[in-house]
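Colleague: Protein chains in written order, with the UniProt record's numbering: chain A, 1 to 242; chain B, 1 to 242. We put the beta carbon where it would ideally sit given N, CA and C, even for glycine. Structure incoming, see below.
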DNA sequence: CGTGAACTTGACAGAATTCAAAGTCTGTGG
DNA sequence: CCACAGACTTTGAATTCTGTCAAGTTCACG
């Protein structure tokens with residue numbers, strides 16, 4: 001539960017600049033962005049960076065670590081909307097409503113960059129390029145959420161899990177890790193809540209995948225052994241390999 | 001299949017101004033918006049206003065009529081992402097990717113307002129209020145899509161259908177119609193594709209609702225007789241009234 | 001170590017799809 | 001105006017999938 005020490009990074013030398021808001025900003029504008037709106041902060045595991053229902057004040061960029069976005073379901077359970085990794089922006093869905101739509105909970109000790117929104121709005125009024133950038137990010141998130149919605153609505157359980165594993169692997173790969181061998185930060189319960197399945201189903205499916213030689217799994221360590229096979233499962237209309 | 005005649009409306013006297021992009025714009029700015037970016041157009045039933053995969057060029061505001069947003073599923077079927085009614089904006093998810101994410105097909109003869117995006121961007125650079133408005137609309141759409149995703153992922157079939165009917169009714173009500181008695185513009189197949197169910201399930205559920213006195217249905221005419229009961233079904237963790 | 005949480009596995013029940021068939025509506029052409 | 005063909009809708013029976021309940025196992029932390 002220790003707070004990791006803050007890195008001395010600035011936007012100019014941030015690994016994730018290309019993914020973040022000030023992408024494409026010139027040197028002077030970048031400095032101004034950083035002075036006006038960017039504040040680094042360490043976050044301990046299990047700590048909540050944004051709270052669903054709380055008034056919206058700032059966006060958050062993930063610099064390191066991992067987060068889950070969740071909220072209480074009407075029936076008492078918990079729904080997980082997604083997982084955020086370094087380079088991802090949190091809170092985009094709060095700008096319009098004025099309140100955060102979900103809790104952002106750290107799955108590991110992390111570092112984030114807080115971006116107060118009033119300052120960002122002021123800056124965007126002076127720098128249309130920044131406003132364009134935000135519009136593109138918002139729109140891209142919207143498109144991505146639609147993908148997610150369609151997939152979770154239509155796919156069967158094995159397809160969902162296979163896709164999530166491939167997605168996570170791909171994101172680790174993009175960030176300099178291994179796309180086929182990684183450590184899950186989240187519990188089976190979190191996986192199940194994201195996939196709209198039960199914990200038992202997730203466990204069963206992992207065992208089935210393992211038995212079929214698609215992957216190796218030991219606790220939270222995952223190794224994707226047959227990504228082609230997993231892609232086939234993810235794309236299949238049904239799954240019937242026992 | 002006739003093209004309806006164009007109404008002589010302008011943004012200034014448009015019924016849906018409050019929902020649309022130029023909401024809150026002052027008189028002069030509103031004129032400028034209208035001159036620069038707004039173009040009215042009639043659309044016949046079954047006509048496609050936006051095509052998934054085609055390069056993004058303009059947003060579309062629905063003035064009258066109704067649309068479905070759909071796209072081809074990998075397995076050959078069709079997925080319906082949502083239904084658009086007067087006052088709704090189409091194409092918001094295309095700004096970031098640069099391509100439309102789905103087909104927008106008219107379910108009835110309709111009138112739309114095309115808003116070329118390059119002109120809008122130019123105007124937004126001069127009028128930060130317009131840029132803020134777009135950001136809020138985008139963010140609100142994102143939040144709404146998340147709601148939809150969670151609901152479709154977690155709810156059972158009867159809940160989904162009940163919710164859709166209440167939602168459609170509510171939207172008709174907001175637009176001056178009856179919230180409890182209306183004509184569906186879409187086929188059972190469209191309903192099923194939206195709810196991620198089969199046509200048979202939709203049909204069965206409608207029959208069940210009818211038998212339970214929750215609604216009356218004759219072809220595409222719907223009358224919600226017991227909205228409280230429907231809300232109960234929509235909220236219930238399970239449904240067991242045979 | 002030991003205790004509690006997390007995870008796995010099995011048997012059963014309920015839900016939704018699939019397959020199959022009958023019935024109804026729409027609009028197109030005679 | 002009516003008849004007909006094709007699309008749309010409803011209903012039934014059997015199958016498959018996933019959740020529920022229950023028990024046992026492993027893991028992590030004190």
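Starting from the C-beta of residue 124 of chain A, find all residues in its chain whose C-beta is less than 8 Å away, skip the five residues before and the five after it, and write them out in chain order.
Modeller: Here residue 124 of chain A corresponds to residue number 124 of the first chain, with the count starting at 1. If we look at residue 124 of chain A and ignore the five residues flanking it on each side, its Cβ neighbours are 130, 131 and 134.
Colleague: Alpha carbon to alpha carbon, what distance is there between residue 199 of chain B and residue 192 of chain B?
Modeller: For the purposes of this step, residue 192 of chain B is identified with residue 192 of the second chain, where counting begins at 1. For the purposes of this step, residue 199 of chain B is identified with residue 199 of the second chain, where counting begins at 1. One C-alpha to the other measures close to 5 Å.
Colleague: Can you list the residues of chain A that residue 97 of chain B reaches, using a CB-CB cut of under 8 Å?
Modeller: The residue given as residue 97 of chain B occupies position 97 in the second chain. Simply 139, 140 and 143.
Colleague: Taking all protein chains shown into account, do 16 or more other C-beta atoms lie within 10 angstroms of the C-beta of residue 93 of chain A, making it buried, or fewer, making it exposed?
Modeller: Here residue 93 of chain A refers to the residue found at position 93 of the first chain. Its Cβ being crowded by 16 or more others within 10 Å, residue 93 of chain A is buried.
Colleague: Give the DSSP-derived three-state secondary structure of residue 129 of chain B in the structure shown.
Modeller: The residue given as residue 129 of chain B occupies position 129 in the second chain. Helix, per DSSP.
Colleague: With a threshold of 8 Å between beta-carbons, can residue 72 of chain B be considered close to chain A, or not?
Modeller: By 1-based counting over the second chain, the position of residue 72 of chain B is 72. Not closer than 8 Å to any Cβ of chain A, the Cβ of residue 72 of chain B fails to qualify, so no.
Colleague: Spatial neighbours of residue 138 of chain A within its chain, please: CB distance less than 6 Å, with the 5 preceding and 5 following residues excluded, ordered by chain position.
Modeller: Indexing the first chain from 1 puts residue 138 of chain A at position 138. Contacts found: 92.
Colleague: Quick check on this structure: which residue in A:189, A:174 and A:165 has the alpha carbon closest to the alpha carbon of residue 183 of chain A?
Modeller: Taking the first residue of the first chain as 1, we reach residue 183 of chain A at position 183. That would be A:165, whose Cα lies nearest to the Cα of residue 183 of chain A.
Colleague: Closest to residue 112 of chain A by CA distance: which of A:27, A:38 and A:24 is it?
Modeller: Numbered from 1 along the first chain, position 112 holds the residue referred to as residue 112 of chain A. Out of A:27, A:38 and A:24, A:38 has the C-alpha closest to the C-alpha of residue 112 of chain A.
Colleague: Hey, how far is the Cα of residue 17 of chain A from the Cα of residue 30 of chain A?
Modeller: Numbered from its first residue, the first chain carries residue 17 of chain A at position 17. Numbered from its first residue, the first chain carries residue 30 of chain A at position 30. Cα to Cα, the separation comes out at about 10 Å.
Colleague: Please list the terminal residues of the continuous beta strand (DSSP E) segment that includes residue 218 of chain B.
Modeller: Working through the second chain from its first residue, we reach residue 218 of chain B at position 218. First-last of the beta strand (DSSP E) with residue 218 of chain B: 215–218.
Colleague: Residues in the same chain with beta-carbon distance under 7 Å from residue 23 of chain A, minus the five sequence neighbours each way, listed in chain order, please.
Modeller: As a first step, residue 23 of chain A is located in the first chain; it is residue number 23 there, counting from the start. Correct list, in chain order: 17 and 133.
Colleague: Taking residue 81 of chain B as the query, report the chain A residues whose CB atoms sit under 8 Å from its CB, ordered along the chain.
Modeller: For the purposes of this step, residue 81 of chain B is identified with residue 81 of the second chain, where counting begins at 1. The answer, in chain order, is 146, 149 and 150.
Colleague: According to the Cβ coordinates, are residue 70 of chain A and residue 78 of chain A closer than 8 Å?
Modeller: To locate residue 70 of chain A, count along the first chain from 1; it is residue 70. To locate residue 78 of chain A, count along the first chain from 1; it is residue 78. For residue 70 of chain A and residue 78 of chain A, yes; Cβs fall inside 8 Å.
Colleague: What residue does the alpha helix (DSSP H) around residue 69 of chain A start on, and which one ends it?
Modeller: For this step, residue 69 of chain A is matched to residue 69 along the first chain. Segment 67–72 is the beta strand (DSSP E) holding residue 69 of chain A; no alpha helix (DSSP H) there.
Colleague: Helix, strand or coil for residue 194 of chain B? Go by DSSP, reduced to three states.
Modeller: Numbered from 1 along the second chain, position 194 holds the residue referred to as residue 194 of chain B. The answer is helix: DSSP assigns residue 194 of chain B an H, G or I state.
Colleague: Which same chain residues, not among the five before or five after residue 52 of chain A, have their C-beta less than 7 Å away from its C-beta?
Modeller: Sequence index remark: in the first chain, residue 52 of chain A carries index 52 (1-based). The answer, listed in chain order, is 71, 100, 101, 102 and 103.
Colleague: Measuring alpha carbon to alpha carbon, tell me which of A:66, A:10 and A:56 ends up nearest residue 187 of chain A.
Modeller: Numbered from its first residue, the first chain carries residue 187 of chain A at position 187. The option with the nearest alpha carbon to residue 187 of chain A is A:66.
Colleague: Going by beta carbon distance, what residues of the same chain come within less than 6 Å of residue 119 of chain B, once the five residues before and after it are set aside?
Modeller: Within the second chain, residue 119 of chain B is the residue found at index 119, counting from 1. The answer, listed in chain order, is 36 and 37.
Colleague: Could you check what DSSP says for residue 110 of chain B in three-state terms: helix, strand or coil?
Modeller: As a working mapping, residue 110 of chain B is identified with position 110 in the second chain. Residue 110 of chain B falls in the strand class under three-state DSSP.
Colleague: Just how far apart, CA to CA, sit residue 128 of chain B and residue 117 of chain B?
Modeller: In the second chain, the residue the question calls residue 128 of chain B occupies position 128. In the second chain, the residue the question calls residue 117 of chain B occupies position 117. Rounded to whole angstroms, residue 128 of chain B to residue 117 of chain B spans 15 Å at the Cα level.
Colleague: Which chain A residues sit within Cβ distance under 7 Å of residue 153 of chain B?
Modeller: For the purposes of this step, residue 153 of chain B is taken as residue 153 along the second chain, with counting starting at 1. Per Cβ cutoff of 7 Å: 152, 153 and 196.
Colleague: Helix, strand or coil: which one does DSSP assign to residue 38 of chain B?
Modeller: Taking the first residue of the second chain as position 1, residue 38 of chain B is located at position 38. Of the three classes helix, strand and coil, the one that applies to residue 38 of chain B here is coil, per DSSP.
Colleague: The beta strand (DSSP E) with residue 221 of chain A in it runs from where to where?
Modeller: Translated into the one-based positions of the first chain, residue 221 of chain A becomes position 221. Element bounds for residue 221 of chain A: 221–224.
Colleague: Between the C-alpha atoms of residue 89 of chain B and residue 146 of chain B, what's the straight-line distance to the nearest angstrom?
Modeller: Within the second chain, the letter at position 89 stands for residue 89 of chain B. Within the second chain, the letter at position 146 stands for residue 146 of chain B. So the alpha carbons of these two residues sit roughly 17 Å apart.
Colleague: Taking Cβ to Cβ, would you say residue 106 of chain A is nearer than 8 Å to residue 43 of chain A?
Modeller: Taking the first residue of the first chain as position 1, residue 106 of chain A is located at position 106. Taking the first residue of the first chain as position 1, residue 43 of chain A is located at position 43. Against a cut-off of 8 Å, the Cβ pair of residue 43 of chain A and residue 106 of chain A comes out as a contact.
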